[in-house]
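Contents: one structure, followed by commentary.
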Amino acid sequence: MQDNLLRFQKKQKYVIFDTETESLNLVNSRPWQLSWSIAEGDKIIKNEDRFLFWNDLKMSDGAAKITRFDRQTWMNKSEDPAKVLKDFNDILYNKDYIIIGANLFGFDIYQHNNIHRQLGLPSDYSYINRIIDVQALQKGIYLGLKSVPENRTAWHYQMQNFRQRGVKTSVKHLCSLYEIPYDEHRAHDAIYDNHLVFSIFRKQIFSIEV
Amino acid sequence: MVVPIFRSNYSLTSILTLDKASSEQDRKKNRADSVFDICNDNQIKDVFIADNNLSGLVEAYENSKAAGLNLRYGFRVNVCNNIDDKTDQSVKTEGKLILFAKDQSFKDLIKLHNIATTLGVYDGRPRLDYSTIKRNWTKNLLMVIPFYDSFIFNNLLYGHECIPDIDFAKPYICIENNSLPFDELIKNQIVSSIKYDQIESKTVYYNNRKDFNAYMTYRCILNRTNFQKPELAHFGSTEFCMEAIKDAR
């Protein structure tokens, strides 16, 4: 038995994160919400749900509808993006944490970088080698892999770029696959999404060695 | 020194033109930048252009000559294991190479281009294979492995199975840094496993960072998408410009 597998690590720390943004543009779009949950072993122990203030925030109608953006709530709760970023980066760049999410390589890491760019900070993707993406894991499981290969980041890109008819990896689908209750009305509530993603991850690591 | 490798609008992936160079006073505002103007403004004598077709070759030749610049024109083409294999599976053996004409001798480059765009076409895209390149290789050609979309890139990030046979050409390989999340990954792969001489380079699609929105608009139009949802994979950097090269100097 390999006791270094994550399924056996009761003290392993995780950060699960998600962004809600102005649009799906990877360069110009800014996150108006950044949420992260911290977990240890199989328990989530802390949630942060933060709103970022941009004085010229431009929400497209489509993005507002999908992300359930409410301007009044955002106005009331939003704060200095530099402060939110600092609090988040303290966790993100801490090597003790494994980073969990859904479609992080295709979307959220760019949105995190957009905050850096907006604040005049250099790009820093040095954390990406600690990412585990539940959508990539599911494709690996679908392909019958016993374990995640050693070069995990390259493998994540390969899985992200792998497309096959019938292979579904949306959070909603994965919840149904792993019999995790899914409330349509709370989808895209960032904290709720983080909890779902972590529940999926906890199930997946018993199907694939990582 | 970082070598700019320009892409022109003939590739349909750039907003740079091959228009005649002009003095700064004669340039119209809000017009697309010419590769040759950029070279003159930045004292670049050797102009490397790598396009996906040869449609701009004559214009590039005439206008580089008029501007007193040395043209280094390349054909950026997909290369697979066997051009006779017209199956989806063969796509997994593809990777981009840039074939440059040395010393403005274009005949041999045109010959390979013609093969790629006739016999080699698959799914509307020109292709060559390694044995065809080897058979038609001459001292008038120079092979360069681009940083993105090469066999290394495709094997690493797409899980493809490209096995190139290119030692005969003694190729050079490009190293780029455009602040994309996977740049370091590709660079590490090249440094650890590729023995060819390296060139520090940058693919240039627009002149300044402020031109990025114009560039993205152009790409969205061609992709039939929009700014809110461009659907352009990994389109997450504003560094593919001459300004970034100047800043790094």
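Protein sequence lines, in the order shown, are assigned to chains A and B. Counting from 1, one number per residue, gives the positions in the first sequence under the working numbering. Counting from 1, one number per residue, gives the positions in the second sequence under the working numbering. Glycine included, every Cβ here is placed at the ideal spot set by N, Cα and C.
Those residues which DSSP pairs with residue i across a bridge
i: Met-143 of chain B; result: B:Leu-99
i: Phe-75 of chain B; result: B:Asp-51 and B:Leu-99
i: Ile-180 of chain A; result: None, per the DSSP bridge assignment.
i: Arg-127 of chain B; result: B:Asn-78
i: Trp-36 of chain A; result: A:Phe-17 and A:Glu-48
i: Asp-133 of chain A; result: A:Gly-101
i: Pro-31 of chain A; result: A:Thr-21
i: Phe-6 of chain B; result: B:Ile-49 and B:Val-204
i: Asn-70 of chain B; result: B:Asp-46
i: Glu-79 of chain A; result: A:Leu-52
i: Glu-209 of chain A; result: A:Ser-147
i: Tyr-122 of chain B; result: B:Arg-125
i: Ser-34 of chain B; result: B:Thr-17
i: Lys-43 of chain A; result: A:Glu-40
Contact check, residue i vs residue j, beta carbons under 8 angstroms
i: Val-197 of chain A; j: Ala-136 of chain A; result: no
i: Asn-161 of chain A; j: Leu-180 of chain B; result: no
i: Ile-199 of chain B; j: Ile-175 of chain B; result: yes
i: Val-15 of chain A; j: Phe-235 of chain B; result: no
i: Glu-22 of chain A; j: Trp-32 of chain A; result: yes
i: Ile-100 of chain A; j: Leu-92 of chain A; result: no
i: Phe-51 of chain A; j: Trp-74 of chain A; result: yes
i: Val-47 of chain B; j: Leu-69 of chain B; result: yes
i: Phe-259 of chain A; j: Tyr-142 of chain A; result: Lying outside 1 to 210, the shown extent of chain A, residue 259 of chain A is not represented and no answer is given.
i: Ile-45 of chain A; j: Pro-81 of chain A; result: no
i: Asp-165 of chain B; j: Lys-96 of chain B; result: no
i: Ala-50 of chain B; j: Ala-21 of chain B; result: no
i: Asp-19 of chain B; j: Asn-63 of chain B; result: yes
i: Asp-129 of chain B; j: Cys-80 of chain B; result: yes
i: Leu-16 of chain B; j: Val-2 of chain B; result: no
i: Asn-140 of chain B; j: Asp-103 of chain B; result: yes
i: Leu-142 of chain B; j: Phe-106 of chain B; result: no
i: Ser-201 of chain B; j: Ile-5 of chain B; result: yes
i: Leu-112 of chain B; j: Ile-98 of chain B; result: no
i: Asp-193 of chain A; j: Val-171 of chain A; result: yes
i: Lys-13 of chain A; j: Asp-87 of chain A; result: no
N-terminal and C-terminal residue of the beta strand (DSSP E) that residue i is part of
i: Lys-202 of chain B; result: 197-204
i: Cys-241 of chain B; result: Counting along the chain, Cys-241 of chain B falls outside any beta strand (DSSP E), and DSSP gives it neither H nor E.
i: Tyr-172 of chain B; result: 172-175
i: Pro-122 of chain A; result: Careful: Pro-122 of chain A lies outside any beta strand (DSSP E) and carries neither H nor E.
Anticipated Cβ contact below 8 angstroms, residue i with residue j, distance rounded
i: Gln-2 of chain A; j: Glu-179 of chain A; result: 27 angstroms between Cβ atoms; not a contact.
i: Glu-243 of chain B; j: Asn-208 of chain B; result: 4 angstroms
i: Ile-145 of chain B; j: Ile-173 of chain B; result: 4 angstroms
i: Thr-169 of chain A; j: His-112 of chain A; result: That pair is no contact at about 21 angstroms.
i: Val-134 of chain A; j: Ile-200 of chain A; result: 5 angstroms
i: Glu-94 of chain B; j: Asn-154 of chain B; result: 7 angstroms
i: Asp-42 of chain A; j: Arg-202 of chain A; result: 5 angstroms
Extent of the continuous alpha helix (DSSP H) to which residue i belongs
i: Gly-101 of chain A; result: Taken as a continuous stretch (DSSP letters only), Gly-101 of chain A belongs to no alpha helix (DSSP H), being part of the beta strand (DSSP E) at 97-101.
i: Cys-220 of chain B; result: 212-223
i: Asn-114 of chain B; result: 107-117
i: Ala-64 of chain A; result: 61-66
i: Asp-108 of chain A; result: First-last for Asp-108 of chain A: undefined, no H or E at that position.
i: Leu-16 of chain B; result: Where Leu-16 of chain B is concerned, there is no enclosing alpha helix (DSSP H), given that its DSSP letter is neither H nor E.
i: Lys-28 of chain B; result: First-last for Lys-28 of chain B: undefined, no H or E at that position.
i: Ser-193 of chain B; result: 183-193
i: Asp-193 of chain A; result: 190-204
i: Leu-180 of chain B; result: Run containing Leu-180 of chain B: none; DSSP gives neither H nor E here.
i: Pro-157 of chain B; result: The sequence as given places Leu at residue 157 of chain B; Pro does not occur at that position. Element bounds for Leu-157 of chain B: 151-158.
i: Asp-88 of chain B; result: 88-91
i: Trp-155 of chain A; result: 152-161
Residue i: CB within 7 angstroms of a non-hydrogen atom of the ligand COA
i: Ile-191 of chain A; result: This structure lacks the ligand COA, and indeed carries no ligand of any kind.
Task: chain B contacts from the segment 10-42 of chain A (Cβ-Cβ distance under 9 angstroms) - done: Under the 9 angstroms Cβ criterion, the segment 10-42 of chain A contributes Glu-22, Ser-23, Leu-24, Asn-25, Leu-26, Val-27, Asn-28 and Ser-29.
Task: Within 9 angstroms of chain B by C-beta, residues of the segment 147-170 of chain A in sequence order - done: When CB distances to chain B are screened at a threshold of 9 angstroms, the residues of the segment 147-170 of chain A falling below it are Asn-151, Thr-153, Ala-154, Trp-155, Tyr-157, Gln-158, Met-159, Gln-160, Asn-161 and Phe-162, in chain order.
Task: Contact set between the segment 117-148 of chain B and chain A, restricted to residues whose Cβ is under 9 angstroms from the partner - done: Those residues of the segment 117-148 of chain B that come within reach of chain A (Cβ to Cβ, closer than 9 angstroms) do not exist; the list is empty.
Task: Interface residues of the segment 159-185 of chain B facing chain A [CB-CB below 7 angstroms] - done: Taking 7 angstroms as the Cβ-Cβ cut-off against chain A, the residues of the segment 159-185 of chain B that qualify are Gly-159, Ser-179, Pro-181, Phe-182 and Leu-185.
Task: Contact list for the segment 123-149 of chain A against chain B, Cβ threshold 7 angstroms - done: Hits within the stretch, in order: Ser-123, Tyr-125 and Ile-128.
- [ ] Please name the residues in the segment 212-230 of chain B whose beta-carbon is closer than 8 angstroms to at least one beta-carbon of chain A, in chain order.
- [x] Contact annotation: in the segment 212-230 of chain B, residues whose CB is within less than 8 angstroms of a CB in chain A are Phe-212, Asn-213, Met-216, Phe-227, Gln-228, Lys-229 and Pro-230.
Task: Residues within the segment 54-69 of chain A neighbouring chain B, beta-carbon criterion of under 8 angstroms - done: For the segment 54-69 of chain A, which is checked against every Cβ of chain B, the residues closer than 8 angstroms are Ser-60, Gly-62 and Ala-63.
Task: Within 9 angstroms of chain B by C-beta, residues of the segment 108-119 of chain A in sequence order - done: Listed in sequence order: Ile-109, Tyr-110, Asn-113, Asn-114 and Arg-117.
Open item on the list: Output needed in chain order: residues of the segment 234-248 of chain B with a Cβ under 8 angstroms from some Cβ in chain A.
Closed with: Cβ contacts with chain A come from His-234, Phe-235, Gly-236, Ser-237 and Thr-238.
Task: Against chain A: residues of the segment 59-90 of chain B by CB proximity under 9 angstroms - done: So nothing in the stretch comes that close.
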